[in-house]
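Protein chains: 2
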Amino acid sequence: MGGAPVVLRLEPRGLAYHSPYDQTMLKALAPLAGSGALLAALLSTTSAAPAVDPVDEGMWLFTNPPAKELAERYGFEMTPEWLEHVQKSAVRVSTGGSGSIVSDQGLVMTNHHVASDVIEKLSTAESNLLENGFHAVGLEDELVCPDVHVDVLWTIEDVTAKVNAAADGLGTAEAGAAKRKALTEIEDAAKAETGLHAEVVTLYQGGQYHLYQYKRFEDIRLVFAPEKSIAFYGGDNDNFEYPRFCLDVTFLRIYEDGKPFVPEHHLTWSQDGVSDGELAFVAGHPGRTQRLNTASHLEYLRDTSVPDSMTSLMRSEVMLQIFSGKSAEHRRRAEGMLFGVQNSRKVYVGRQSGLLDPAIFEAKRAEEARLRAAVDANPEWKAAYGDAWDQIAQAQDAAREIREPYIAVGASTVSLGGQMGSIAATIVRLADELPKPSAERLREFGDAGLPALYQGLYSPAPIYQDFEIMQLESALMAMAERLGADHELVVAALAGKSPRARAEECILGSKLMDIDERKRLAEGGADALKDCGDPLIALVQSLDAPARALRIRYENEVRSVENEAYGKIAAARFAVFGDGVYPDATFTLRLSYGAISGYTQGDETIPPFTEFGGVFKKASEREGEEWYDLPESWTKAAETMDMSTPFNFVSTHDIIGGNSGSPVIDAEGEVVGLIFDGNIQSLIGNYAYSDAEARSVSVDSRGIMGSLEQVYGAKRIAAELRGSKD
Amino acid sequence: MGGAPVVLRLEPRGLAYHSPYDQTMLKALAPLAGSGALLAALLSTTSAAPAVDPVDEGMWLFTNPPAKELAERYGFEMTPEWLEHVQKSAVRVSTGGSGSIVSDQGLVMTNHHVASDVIEKLSTAESNLLENGFHAVGLEDELVCPDVHVDVLWTIEDVTAKVNAAADGLGTAEAGAAKRKALTEIEDAAKAETGLHAEVVTLYQGGQYHLYQYKRFEDIRLVFAPEKSIAFYGGDNDNFEYPRFCLDVTFLRIYEDGKPFVPEHHLTWSQDGVSDGELAFVAGHPGRTQRLNTASHLEYLRDTSVPDSMTSLMRSEVMLQIFSGKSAEHRRRAEGMLFGVQNSRKVYVGRQSGLLDPAIFEAKRAEEARLRAAVDANPEWKAAYGDAWDQIAQAQDAAREIREPYIAVGASTVSLGGQMGSIAATIVRLADELPKPSAERLREFGDAGLPALYQGLYSPAPIYQDFEIMQLESALMAMAERLGADHELVVAALAGKSPRARAEECILGSKLMDIDERKRLAEGGADALKDCGDPLIALVQSLDAPARALRIRYENEVRSVENEAYGKIAAARFAVFGDGVYPDATFTLRLSYGAISGYTQGDETIPPFTEFGGVFKKASEREGEEWYDLPESWTKAAETMDMSTPFNFVSTHDIIGGNSGSPVIDAEGEVVGLIFDGNIQSLIGNYAYSDAEARSVSVDSRGIMGSLEQVYGAKRIAAELRGSKD
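Top line first, the protein sequences correspond to chains A and B.
Numbering of the first sequence is given in the working numbering, commencing with residue 96 and proceeding in unit increments.
Numbering of the second sequence is given in the working numbering, commencing with residue 96 and proceeding in unit increments.
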């Protein structure tokens with residue numbers, strides 16, 4: 096999007112989520128999520144359930160779990176031990192998804208689509224693991240994965256007072272800057288003290304700040320992945336649809352000191368699975384919701400930001416398809432990105448459809464009016480919080496004004512499409528940022544974040560020049576489109592050439608394909624850059640100063656204002672509704688609860704479970720169509736398979752992008768499923784929860800075990816999963 | 096695009112062109128073409144050829160042919176008889192392309208992609224003629240085509256003085272309206288007098304007006320069409336590429352009184368074909384060029400109109416692909432439109448790439464500066480023409496200001512996507528327009544145009560409700576995106592529902608699927624509409640008044656100003672350069688000349704001809720990929736085919752969209768080829784001609800005859816073509 100329509104991966108396929116620093120554009124496009132709260136009432140005008148009905152809503156903090164709701168609705172008693180066990184068995188995967196430790200030997204279960212970036216990087220034109228799948232027969236066959244790490248949340252500390260103290264008495268923009276600086280200081284100090292990876296999480300969009308510390312594991316190996324054709328059965332056609340038949344699972348393994356990691360906590364595998372109506376939990380990392388955005392903020396999303404993202408994604412999709420059409424190898428190079436773009440496009444179209452439903456929007460406005468009336472009725476609240484909504488509206492006006500140039504240069508950093516552009520942008524900023532004290536740097540260059548930054552920068556993952564040229568050309572065209580070709584930034588970027596000629600010059604002339612050259616420039620700083628003569632570096636440099644200026648303006652006029660105002664609204668919400676309020680999603684660990692449950696769509700009743708037999712039936716119905724061919728492993732095994740094995744199921748859990756790979760856990764804490772998608776009706780979940788038709792979609796644990804045993808003969812892994820049971 | 100991203104078919108595949116009244120959006124998006132002229136100098140800074148080199152440029156009027164150039168460059172003497180014979184053998188096809196009469200029994204040759212709309216309408220889920228091809232073994236097997244007519248240009252008359260007299264002494268907007276009225280009056284009078292179909296053509300964008308009268312034939316039958324897989328071999332991938340291997344031909348037949356039409360003129364089939372370097376002619380109907388647009392007009396295209404069209408086409412492409420993914424039958428329903436959209440998308444991306452080349456743009460500005468300097472140097476010229484460039488710039492400002500709402504409602508008429516929306520819009524306007532005298536109506540409702548309008552309105556071509564719903568939903572979403580969801584037009588259009596729900600309500604509730612109902616409403620006028628209760632009609636009515644107001648504003652502030660100013664620029668150009676100037680393309684008959692000629696692309700030398708053998712080689716190289724499978728008829732015939740038969744060739748002819756289906760004619764006036772495409776380098780031809788790398792692409796007449804005889808056993812047609820030779 097923006098400067099770089101082709102490279103945007105707002106969200107990878109399914110429910111994976113990219114972390115903010117990889118996805119600065121995401122922040123730019125829909126600047127701030129609102130604070131979260133119980134929103135059943137919001138959808139009451141459109142959903143079948145009356146407003147007073149209890150719903151399985153919420154992405155709950157482990158520090159403020161829905162103990163009361165669970166006791167009342169399901170008679171379930173939640174213990175601190177249960178919570179700690181689940182917390183320390185859950186993992187966050189750096190490609191943007193969730194996962195869980197499922198054996199005493201550090202075996203990690205996640206989605207195929209969460210690991211597909213990694214699987215793609217392990218593939219070559221000769222050995223395509225995405226297409227053919229992978230199965231390490233012995234421990235020694237497991238493959239070291241590039242550029243991926245896995246985090247386990249270890250400690251949580253409320254640092255709200257410390258952060259707010261840093262901004263005491265300052266004006267809005269200065270307060271925002273001071274708080275950002277405080278966040279880096281707290282993270283650096285924590286890391287120095289504990290050695291754990293530290294992140295301060297902004298909750299309720301400024302209402303609270305929590306310090307999360309993680310055990311981070313960087314030696315991750317690939318153990319098992321099915322063929323993409325069964326992992327992503329039905330492809331883009333069936334994505335976000337149900338019934339489904341996807342084996343969207345991959346097993347990785349955490350290694351420490353060259354050996355399988357022996358964890359303190361891991362989930363055991365359920366022997367019997369789950370049944371219709373049964374209570375279950377999802378522990379994962381929902382990426383981002385915007386449920387408590389004000390109406391003016393939603394208007395900005397509806398009329399400006401979301402349609403722009405949607406359109407840009409469609410452009411990327413077309414450009415990637417054109418590139419893919421050139422040959423089978425072109426297709427292989429682009430397919431991971433194409434899947435991501437198609438997935439995000441579905442997400443955005445779904446969101447926009449929801450935002451354009453007048454009933455939903457009017458309900459939103461009515462709910463806001465009620466909250467504001469309650470605030471205005473109390474003079475103390477009115478004085479403290481009353482102006483917040485107008486502040487948000489002003490911030491949206493500022494966002495509108497700054498939007499085109501800000502997106503055109505790539506939002507918070509120069510973005511030129513492709514991996515090489517991203518490498519060049521990082522190197523240029525490193526030279527300026529590293530000499531400063533950690534807390535004075537741009538947030539993403541703080542000491543705590545540097546190891547992950549270097550992991551990406553020095554990645555040995557393959558880069559293809561033809562693919563890079565296409566992406567850079569598209570980015571330059573998009574920049575011209577946003578600003579007009581006579582704009583000084585465009586004139587500087589094109590340097591008198593056509594977009595195609597300029598892209599070829601910069602990519603073919605750059606040495607950044609070479610990892611040693613990246614290291615030389617990153618370590619050499621400003622001096623090394625001065626004489627490097629790299630045309631791609633020069634292109635980034637020609638845009639970097641205006642990009643920084645736009646970022647500062649955006650932070651001061653939009654983000655800081657929203658931070659202050661949403662902090663007030665969160666406080667107002669606590670005051671009016673009490674503390675039974677969960678924050679919007681932040682790609683940190685949350686607990687959702689719900690039940691396995693089918694649904695009714697129009698006249699059609701959709702049962703919760705599918706079975707192995709269903710996929711063979713579908714394959715014969717759609718014979719010869721792209722996406723519907725089964726892999727040979729399945730057609731060969733068909734005769735001996737148990738066709739009644741449960742394969743996928745739906746449930747009422749409140750999840751969103753980032754939850755991909757989350758374990759579904761029964762009341763005993765055992766694995767009964769693996770979240771991999773939501774249905775199309777769930778996409779409005781970005782703005783409001785509903786259980787009328789919205790459902791989470793999981794692979795059934797019995798389908799996973801069944802395919803390991805009946806299709807793949809993966810005895811070692813199956814035994815490890817079962818063995819982990821006692 | 097605009098209100099209706101999914102339905103826009105700016106240009107069908109290849110070089111076909113849709114007539115202005117079908118394609119009002121086209122006019123809106125890039126309002127006026129500039130007057131044409133020799134532009135060799137323009138590209139002299141970027142092309143390999145020096146500015147003084149003669150080039151095979153020009154889309155020449157039959158009333159002002161390039162006799163001098165042909166005599167000097169090729170020693171060819173052009174006679175009035177030769178011209179008349181070619182003129183009366185050429186045809187214009189109402190689906191938006193060209194063709195020629197190639198037998199004494201009214202056989203018409205055109206492209207498969209020009210006839211594909213018709214072939215699609217003759218297809219059903221059971222009998223897919225696009226996929227399987229069609230071959231009428233006997234005359235009695237020829238299929239009556241719905242909704243198509245064919246025109247032969249019969250007389251040409253200069254009516255410039257008459258048109259200008261109507262505007263004498265009036266201000267700009269009034270003058271524009273008076274001229275439009277005069278055009279209708281002249282057409283109606285001509286039709287009443289001769290019975291021929293009459294159109295006044297605006298040449299040089301207001302510099303001249305010519306009355307063209309056509310013999311129109313409405314009983315057209317399908318004789319032969321190959322399988323789409325060989326007609327469009329390589330699909331979207333290879334579209335606008337070369338070397339190519341496409342049998343992009345279809346034979347139709349004109350009938351009169353139920354019998355094959357015996358024409359006064361027809362082209363004979365060449366026995367020997369054409370050779371490298373040989374002179375040849377193309378007689379066809381180039382749709383539209385914008386070569387003499389001013390720089391300010393091109394800036395509007397580059398920064399606003401073309402990227403908007405490009406993006407909207409990409410959106411349409413994605414929406415159509417999503418729809419197509421649902422099943423094979425969905426794919427069949429959408430495929431014609433998908434091809435058209437993909438083709439237009441390639442055209443627009445190519446154009447934008449050209450517009451973003453600073454070298455081309457600077458050359459354009461320099462050329463304009465030279466012309467203006469020459470005008471300013473002559474006081475009389477300065478007084479008469481000097482303000483024209485500023486007028487055009489003002490018109491672009493007006494176009495920018497009005498653009499979003501104007502496009503959102505569908506430009507010159509309400510456009511809601513899909514056939515049903517178009518039917519409803521026509522019926523609503525008919526009720527208002529028909530009671531007025533012909534010349535007082537909106538131009539497209541003048542008496543002369545009504546028969547074609549009714550042919551479309553009462554077409555028995557199938558309409559699919561699910562496809563219509565998808566298109567209407569997309570149109571409503573796009574409207575909200577352009578205007579914001581709270582805009583009064585959007586609120587009126589959605590009527591409190593989501594785009595999906597509103598689309599379902601309007602399409603499923605409408606009776607316009609029924610042709611009798613269309614007739615009842617069209618004939619019943621305002622009274623019939625008042626009580627019809629049709630929700631789609633009501634939707635159109637809610638938008639019609641603002642759409643009319645926007646159209647009037649657009650005509651007054653943009654089109655009339657451009658008409659006046661481009662008239663001055665054309666006069667200035669004649670004054671400065673003399674009368675060796677051809678007008679920009681207007682989808683009327685033009686003559687191009689040139690030579691069969693390969694070209695060099697980067698380091699690669701591309702020879703002019705391909706052969707039958709090449710397609711088999713390519714099919715084996717790209718085995719299993721979409722677009723590269725040969726039809727069974729070809730693989731079966733392979734053993735006995737002459738693999739050295741010439742298949743496709745490239746030449747330097749100056750053509751553009753609309754020329755699709757044009758015959759390539761040798762100096763003796765015999766058919767040696769069939770234009771079906773230009774290469775990607777030719778797309779800049781919208782703004783300037785170049786022969787450095789730009790080439791026209793044709794099917795060789797020997798490839799057509801060879802496939803009829805060697806592959807299809809189409810003896811009757813082959814004999815008719817050969818028999819037509821004596």
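We put the CB at the ideal spot given by N, CA and C, even for glycine.
Counting contacts by CB-CB distance shorter than 7 Å, is residue i in contact with chain A?
| i | result |
| --- | --- |
| Val-413/B | yes |
| Met-409/B | yes |
| Ser-324/B | no |
| Asp-772/B | no |
| Arg-597/B | no |
What separation, rounded to the nearest whole angstrom, lies between the Cα atoms of residue i and residue j?
| i | j | result |
| --- | --- | --- |
| Pro-630/B | Glu-600/B | 7 Å |
| Ala-789/B | Ser-422/B | 39 Å |
| Ala-464/B | Thr-384/B | 21 Å |
| Glu-568/A | Tyr-559/A | 14 Å |
| Val-792/B | Ile-691/B | 10 Å |
| Ile-315/B | Leu-769/B | 20 Å |
| Ala-128/A | Asp-679/A | Its pLDDT being 26, under 50, Ala-128/A is placed unreliably by the model, and nothing is read from it. |
| Leu-537/A | Asp-403/B | 35 Å |
| Met-515/B | Val-344/B | 30 Å |
| Arg-577/B | Asp-398/A | 8 Å |
| Asn-774/A | Glu-618/B | 47 Å |
| Ala-293/B | Gly-513/B | 29 Å |
| Gly-481/A | Glu-152/A | 28 Å |
| Gly-801/B | Arg-187/B | 26 Å |
| Asn-438/A | Val-357/A | 35 Å |
Check whether chain B comes within 7 Å of residue i, counting only Cβ atoms and requiring the distance to be less than that.
| i | result |
| --- | --- |
| Met-574/A | no |
| Asn-332/A | yes |
| Thr-406/A | yes |
Report all residues from its chain with a CB closer than 8 Å to the CB of residue i; omit the five preceding and five following residues, and keep chain order.
| i | result |
| --- | --- |
| Tyr-782/A | Thr-384, Gln-385, Arg-386, Asn-388, Leu-393, Arg-446, Gly-449, Leu-450, Ile-455, Lys-459 |
| Lys-592/B | Glu-600 |
Does the Cβ-Cβ distance between residue i and residue j come in under 7 Å?
| i | j | result |
| --- | --- | --- |
| Pro-726/B | Ser-324/B | yes |
| Gly-228/B | Gly-756/B | no |
| Phe-346/A | Met-204/A | yes |
| Val-585/B | Ala-575/B | yes |
| Ala-598/B | Ile-564/B | yes |
| Leu-298/B | Tyr-309/B | no |
Whose C-beta lies closer than 7 Å to the C-beta of residue i among residues of the same chain, with five residues either side of it excluded?
| i | result |
| --- | --- |
| Ser-533/B | Thr-279, Asp-283, Gly-541, Asp-542 |
| Leu-224/A | Ile-214, Leu-217, Ser-218, Ala-320 |
Just to confirm my understanding: we take residue i, look at its own chain, exclude 5 residues before and 5 after, and list those with CB closer than 6 Å. What are they?
| i | result |
| --- | --- |
| Val-671/B | Ala-469 |
Next item on the list: Tell me the start and end of each unbroken alpha helix (DSSP H) in the segment 548 to 615 of chain B that is at least 4 residues and wholly inside, in chain order.
Entry: 560 to 578, 583 to 589, 594 to 603
Note to self: What ranges does the beta strand (DSSP E) occupy inside the segment 605 to 692 of chain B, keeping only unbroken runs of at least 3 residues that lie completely in it?
What the structure shows: Runs of the beta strand (DSSP E) inside the segment 605 to 692 of chain B: 685 to 690.
Notebook entry, point to check: Whole alpha helix (DSSP H) runs in the segment 215 to 258 of chain A with 4 or more residues, listed along the chain?
Noted result: List check, alpha helix (DSSP H) in window: 224 to 227.
Check: In chain order, what residues of the segment 265 to 285 of chain B put their CB closer than 7 Å to some CB of chain C?
Finding: The chain inventory of the structure shown lacks chain C, comprising the protein chains A and B.
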